[in-house]
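My numbering applies: residue 1329 is where the sequence shown begins, and numbers increase by one. Positions of the beta carbon are idealized from the N, C-alpha and C atoms, including for glycine. Heads up, the thing below is written out as structure tokens.
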Amino acid sequence: MSDSKFIRGTLIVTFGTFLVKFLGMIYVFPFHALVGTNGGTLYTYGYVPYTIFLSIATAGVPLAVSKFVSKYNALGDYETSRRMFRSGMKLMIFMGMLSFIVLYATAPLFAEAMLGNKQLENSVGEVTMIIRLVSFALLVVPAASLIRGFFQGHQSMGPTTVSQIIEQIIRVIVLLAGSYIVIKVLKGSVATAVGVSTFAAFVSAIGALAVLIWYWFKRKLHLDELLSNQKIKPADVSTPQLFKELFAYALPYVVVGLTIPLYQQIDTLTFNKAMEAVGKGDIAEHALGIFTMWTHKLIMIPVSLATAFSLTLVPAITKSFTEDKQGVLHRQISQTFQLNVFLTLPAVVGISVLAYPIYTAFYEPDKLGGQILMWYAPVAMLFALFSVTGAVLQGINQQKHAIIGLGIGVVLKVICNLVLIRYFETIGAVLGTGIGFAVSVWYTNLQIKKHANFSFALVYKRAFQVVILTAVMAIVVKILLWGLTPVLAYTENRWQAIAAVVITASIGALVYGFLAIRTGVMQRMFGEEFLGKLKAKFGRKLKIRTKGA
1329 MSDSKFIRGT LIVTFGTFLV KFLGMIYVFP FHALVGTNGG TLYTYGYVPY
1379 TIFLSIATAG VPLAVSKFVS KYNALGDYET SRRMFRSGMK LMIFMGMLSF
1429 IVLYATAPLF AEAMLGNKQL ENSVGEVTMI IRLVSFALLV VPAASLIRGF
1479 FQGHQSMGPT TVSQIIEQII RVIVLLAGSY IVIKVLKGSV ATAVGVSTFA
1529 AFVSAIGALA VLIWYWFKRK LHLDELLSNQ KIKPADVSTP QLFKELFAYA
1579 LPYVVVGLTI PLYQQIDTLT FNKAMEAVGK GDIAEHALGI FTMWTHKLIM
1629 IPVSLATAFS LTLVPAITKS FTEDKQGVLH RQISQTFQLN VFLTLPAVVG
1679 ISVLAYPIYT AFYEPDKLGG QILMWYAPVA MLFALFSVTG AVLQGINQQK
1729 HAIIGLGIGV VLKVICNLVL IRYFETIGAV LGTGIGFAVS VWYTNLQIKK
1779 HANFSFALVY KRAFQVVILT AVMAIVVKIL LWGLTPVLAY TENRWQAIAA
1829 VVITASIGAL VYGFLAIRTG VMQRMFGEEF LGKLKAKFGR KLKIRTKGA
């Protein structure tokens, strides 16, 4: 795969994933207005166990199928790829049904574990209902995910992108319309509204599956031609052997997919108790909702860029690794790290600098919300880096180190939560997450350096350049925000906060983009071909530099 094709595929999925995350961001504004901060906490109580069960139900199989199909397609063995798809689909249907039954049955146990014996703002019965409603999505999502993995293994990212966008649109519509009808029309409870919102995951998953089935029939002729034109003998392996190879790929995907849900589950199990221990039980659920739901939604937007890179990275790196193309492999790893830092770092720093007006703009004036967002946003950079390092390790068949890295981070997270929440309250939980992820990234980077014989020297050099550009951008944004303070009450009024965010974020993005182009950083990140097309489209006004390192 050429560098330009690799970047193009990455950017297509990046755009699609970013659009999905953007849709997932804009709904929180009206959703918060309908259910409030504690409604978000209730939503989190249901979604965290669901996400964990989804990761277990899929067992990493969809992305492992992507890697499996990419490998055997590179060898010209399309029949073996198709065999795995058929067997994997049967497995996903069975696992989806099993996980649904187990989560539905154990919902009361999860509710009691998260709330404890004390009656907080939300009740055990309400949390049980939420978990059971969202569990229905487990019947559909695993099968849909497997089809996405199969297409991605064929280097076809369109079905994944389109189905995810459609899925998110349906979910947002059902979520908001259902919540509005329950609260405003039927005068129902917040718990009922949140229940409808979580059930939207099931409805939207059906829509996504319908889109993927349409793509399957549309492309089936081409896929069948690959089978009929196969020139080599299919691999002589039994179905159990195929599954053995598949699960060797799949286990790390389970681990990486479980990372953030596990951290959040640790928070839901330890936060309320720790806050009660220091006499802050009255604000525990309010603070937990801000941390695990509302600020988390915002910081996951830049993390979606890293997720997009990971989706395209695994099949591409697997192909290069299988074909023993070390030069191509190193370029792809380096380019992915560079683009990840280039796009994610300024985003998380910008969110941190504008934390107070952003929280007011999206939700409501809340000093605690702004404070948590300011501290939590930089941690998103670590989320992004771990996503990429995990994907690289999977691509070079060093899956076990992703598992070890996660294990180290989770242990540190538990220890830090137990200690730091008592001293720093919610910020202690944020610091615990940051410390856990930082150590995991450090460990996985060491393993990439060792097993891929990869030097991070160029990545560090480019990252330093991005840090300089980001620092300049942050200073400009901070000065602008300070200048707007006498004019706009962005910590008290939502519309004035929106105006402050739009003005400062737009100018900050322009400053960052202008500096990236004029200093040649963008050219060195994206390459001559991409920037040549950009220059041809926008003219010579950009004065893009094409020389130098």
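Here Ile1560 carries a coil assignment [DSSP, helix/strand/coil].
Distance from the Cα of Gly1762 is smallest, within the candidate group Asp1610, Ala1708, Val1800 and Leu1786, for Ala1708. Straight through space, the alpha carbons of Pro1630 and Gly1477 are spaced by roughly 23 Å. The C-alpha of Ala1799 lies about 11 Å from the C-alpha of Leu1843.
Within the same chain, Cβ atoms closer than 7 Å to the Cβ of Lys1559 are found at Gly1404, the five residues on either side in sequence being excluded. By the Cβ rule, the segment 1686–1697 does not count as touching the segment 1602–1609, because fewer than three pairs are nearer than 8 Å.
A straight-line Cα-Cα distance of about 44 Å links Gln1483 and Leu1696. Burial of Val1502 is indicated by the presence of at least 16 other C-beta atoms within 10 angstroms of its C-beta. Gly1756 and Glu1613 have their alpha carbons spaced roughly 15 Å apart. Under a 10 Å Cβ-count criterion, Asn1745 is classified as buried, with 16 or more other Cβ atoms of the shown protein chains found around its own Cβ. Taking the Cβ atoms as the reference, Ala1435 lies roughly 4 Å from Ile1459, within the contact range of under 8 Å. When C-beta atoms of the segment 1816–1825 are compared with those of the segment 1789–1805, fewer than three pairs fall below 8 Å, so the two segments do not count as touching. Less than 8 Å separates the beta-carbon of Ile1835 from that of Leu1808.
With a beta-carbon spacing of about 29 Å, Val1758 and Trp1823 fall beyond the 8 Å limit used to define contacts.
Within 10 angstroms of the beta-carbon of Pro1814 lie fewer than 16 other beta-carbons, which makes it exposed. Taking the CA atoms as reference points, Val1656 sits about 7 Å from Ser1648.
The residues Leu1786 and Val1787, in chain order, have a CB closer than 7 Å to that of Ser1662 in the same chain once the five nearest residues on each side in sequence are set aside. Counting every other CB atom within 10 Å of its CB across the protein chains shown gives Asp1610 a total below 16, marking it as exposed. Val1389 places its beta carbon less than 8 Å from that of Leu1419.
Taking 8 Å as the cut-off, the beta carbon of Phe1396 is found no closer than this to the beta carbon of Phe1428.
Rounded to the nearest whole angstrom, the CA to CA distance from Val1742 to Ser1525 is 30 Å. The DSSP-derived three-state label of Glu1454 is helix. Each residue's CA atom was taken as its position, placing Ile1497 and Lys1778 some 43 Å apart. In the DSSP assignment, Gln1726 falls outside any alpha helix (DSSP H), carrying neither H nor E. Taking the C-beta atoms as reference points, Gly1678 is found no nearer than 8 Å to Val1830. By the beta-carbon neighbour count (other beta carbons within 10 angstroms, threshold 16), Tyr1378 is buried. Counted as a single uninterrupted DSSP element, the alpha helix (DSSP H) harbouring Ala1683 occupies residues Ala1683 to Phe1690.
The beta carbon of Leu1570 lies closer than 7 Å to those of Arg1411, Met1412 and Ser1415 in the same chain, with the five residues before and after it left out. Gly1764 sits in a helix when the DSSP states are folded into three classes.
In the structure shown, the three-state DSSP call for Thr1365 is helix.
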